[in-house]
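Per the working numbering, the very first residue in the sequence shown carries number 112; after that it's consecutive.
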Amino acid sequence: MLYQSLPEDQLLLISKYKTAKAVWDALKVRHVGVTSVQKARLQTLKTEFEMLHMKENESIDSFTTKLTGIINKAASLGQTYEDSTLVRKLLNAVPDRFLQIVASIEQYSDLDTMSLDEAIGRLKTFEERLKYKKERVVDTQEGLMFTRHEHRGQSYRGRGRGRFNQSQGRGHNRFKSERKNWEPSQNSSRKGQTAYANKILNDTGMLDCNDAKIPMEPGLKLTNVTEERYVDTTEYRSIIGCLRYLLHTRPDLSFSVGLLSRFMQEPQEQHMKAIKQVLRYIKGTKDYGITYGHEGGNRIQGYSDSSYGVNTQEGKGTTGIVFYFGNSPISWSTQKQGTVALSSCESEFIAATAAATQALWLKRLLSKITDTKEQKVTIYVDNKSAIALMKNPVFHGRSKHIDTKYHFIRECVEKDDIVVEHINGEKQRANILTKPLPRIRFVTMRQLLGVKDLLQQ
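Okay, structure coming up:
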């Protein structure tokens with residue numbers, strides 16, 4: 112068998128050996144080398160592994176090909192690497208343009224259990240988003256060539272409709288959403304995704320649908336245990352992925368999109384119907400976004416809220432967190448809690464702990480960026496019992512069953528890293544991130560959250 116698989120030039124070299132073992136040993140020495148040579152090769156590969164870094168203009172695919180090449184060579188010499196080691200190497204080797212996604216992975220994921228393929232997938236997804244944003248900037252700059260300033264633009268005859276009738280040419284829908292991105296007179300920046308919202312509506316066939324005033328009806332119960340017909344999983348996941356990207360400037364969609372994301376494994380008609388409600392809401396609010404200004408000073412403050420057993424089959428609560436720099440929202444999340452809370456107080460306590468970890472990271476990041484001393488972060492909670500648990504360990508009898516990790520916020524309060532204050536539920540901005548609200552309540556909370564119509568400001 113060995114003779115049949117070898118090329119002719121190597122057959123001549125091993126023809127003098129009489130046994131299969133002798134032939135195998137000779138081939139091993141020729142191709143792998145003796146033990147000392149193997150050790151030298153392995154040391155070289157280890158050095159290459161440690162020194163390997165991704166170049167600034169290199170793609171994730173190109174870099175991971177180099178990385179896996181070294182891994183495979185090392186494996187052939189008996190050296191294997193745990194996935195956790197490879198994941199950390201990958202995150203440390205990428206350039207600064209991936210800093211945002213690396214920080215997110217390190218903060219919200221367990222690197223000890225994450226696979227290398229999952230880490231590569233997240234980085235590739237982020238890389239594609241960077242490419243898309245770069246294309247949008249180029250497209251916007253090309254649009255600027257049509258008119259240098261407003262009074263010249265009015266003299267041209269446009270081919271578009273509505274607000275495009277002052278631009279020459281057609282297409283360039285993205286230019287509309289970016290045209291008023293910066294307002295020098297107000298010293299503020301507006302961030303919206305009108306062009307992307309239009310793309311989602313067009314791709315899903317909802318461009319001409321009727322508007323909806325809220326993304327999800329209050330009291331709606333979504334499950335995956337009904338006898339309803341299943342829908343196309345690929346289409347459902349694709350829409351969810353697009354909506355999650357839209358969340359970068361639309362925190363008012365955080366709860367509805369987060370809830371619908373829980374059913375991507377086996378989506379049913381009820382879930383697709385709920386998605387279409389979200390798309391109808393986007394149709395009526397596609398020009399909405401966030402305005403960043405200088406009001407409110409250089410301070411960070413957060414709002415933490417939870418819904419106790421709302422719209423979950425397991426009885427787990429939903430955590431809603433939003434942080435502001437000055438008066439502008441900079442970080443928000445909606446997440447199902449990891450454990451079942453026995454009371455609304457406990458659910459609020461768990462949510463506040465999640466907010467505390469985010470607060471510490473944000474204040475340290477701000478300190479590094481501004482080269483200033485770290486300042487205390489205020490977190491507003493609307494449950495007085497939860498605040499008492501954070502500040503007073505006397506309530507041990509009511510909190511001893513709570514998982515130890517959630518008592519982290521108590522330590523933060525004791526060290527004076529975080530200040531927890533009570534706020535009236537009517538002013539709790541994170542409330543919109545935890546449950547579907549009635550129309551009037553939703554519009555009020557959306558205004559407080561900081562999501563507004565950018566075309567009317």
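C-beta atoms are modelled at their ideal positions from N, C-alpha and C, and glycine is treated no differently. All values derive from a computational prediction rather than experimental measurement.
Drop a sphere of 10 angstroms on the beta-carbon of residue i, count the other beta-carbons inside from all chains shown, and report buried for 16 or more, exposed for fewer.
| i | result |
| --- | --- |
| residue 458 | buried |
| residue 255 | Note that residue 255 has pLDDT 41, beneath the 50 cutoff, so the model's placement of it is unreliable and the number below is only indicative. Residue 255 should be labelled exposed. |
| residue 392 | buried |
| residue 180 | exposed |
| residue 397 | buried |
| residue 249 | Interpretation of residue 249 is limited by its pLDDT of 45, a score under 50 that renders its predicted location unreliable; the figure taken from the coordinates is listed afterwards. Exposed, by the Cβ-count rule. |
| residue 557 | buried |
| residue 440 | buried |
| residue 262 | Any reading at residue 262 is ruled out, since the residue's pLDDT is 38, under 50, leaving its predicted position unreliable. |
| residue 430 | buried |
| residue 301 | buried |
| residue 278 | Unreliable positioning characterises residue 278 in this predicted model, as indicated by a pLDDT of 34, which lies under 50. A coordinate reading is not provided. |
| residue 550 | exposed |
| residue 538 | exposed |
| residue 451 | exposed |
| residue 318 | exposed |
| residue 482 | exposed |
| residue 162 | exposed |
| residue 564 | exposed |
Where do the ends of the beta strand (DSSP E) carrying residue i lie?
| i | result |
| --- | --- |
| residue 484 | Element bounds for residue 484: n/a, residue is neither H nor E. |
| residue 301 | 299-303 |
| residue 194 | No beta strand (DSSP E) contains residue 194, which is instead part of the alpha helix (DSSP H) from 194-204. |
What are the start and end residues of the alpha helix (DSSP H) that includes residue i?
| i | result |
| --- | --- |
| residue 502 | 495-502 |
| residue 529 | Note, residue 529: premise wrong, no alpha helix (DSSP H); beta strand (DSSP E) at 529-533. |
| residue 105 | In the structure as shown, the chain begins at 112 and stops at 568. Residue 105 is therefore absent and cannot be evaluated. |
| residue 172 | 171-187 |
| residue 334 | Unbroken run through residue 334: none, as it is neither H nor E. |
| residue 541 | From DSSP, residue 541 is part of no alpha helix (DSSP H); its letter is neither H nor E. |
| residue 215 | 210-219 |
Tell me, please, which residues DSSP counts as bridged to residue i.
| i | result |
| --- | --- |
| residue 87 | Residue 87 falls outside the range modelled here, since the chain spans only 112 to 568, and no answer is possible. |
| residue 549 | Looking at the DSSP assignment, residue 549 forms no beta bridge with any residue, so it has no partner. |
| residue 564 | 399 |
| residue 442 | 434 |
| residue 341 | 379 |
| residue 447 | 429 |
- Message: I'd like the ranges of any beta strand (DSSP E) spanning at least 3 consecutive residues and lying wholly in the segment 388-438.
- Response: 399-403, 411-418 and 429-436
- With contact counted as at least three CB pairs below 8 Å, one residue from each stretch, are the segment 365-378 and the segment 296-310 in contact? no
- Item | Meets three-Cβ-pair contact criterion under 8 Å: the segment 410-419 and the segment 486-499 | yes
- Query: Would you call the segment 324-340 and the segment 398-410 touching, i.e. three or more CB-CB distances under 8 Å?
  - Reply: no
- Message: Using 8 Å as the cut-off, can you tell me whether the segment 474-482 makes contact with the segment 445-462, which would need three or more C-beta pairs spanning the two stretches below that distance?
- Response: no
- Message: Does the segment 230-244 come into contact with the segment 167-187, if we say contact requires no fewer than three beta-carbon pairs (one atom in each stretch) closer than 8 Å?
- Response: yes
- Query: Should the segment 520-531 be regarded as contacting the segment 465-474, the criterion being three or more beta carbon pairs within less than 8 Å?
  - Reply: Pairwise C-beta distances place the segment 520-531 in contact with the segment 465-474, as three or more of them are shorter than 8 Å.
- Between the segment 216-227 and the segment 196-203, are three or more C-beta pairs nearer than 8 Å? yes
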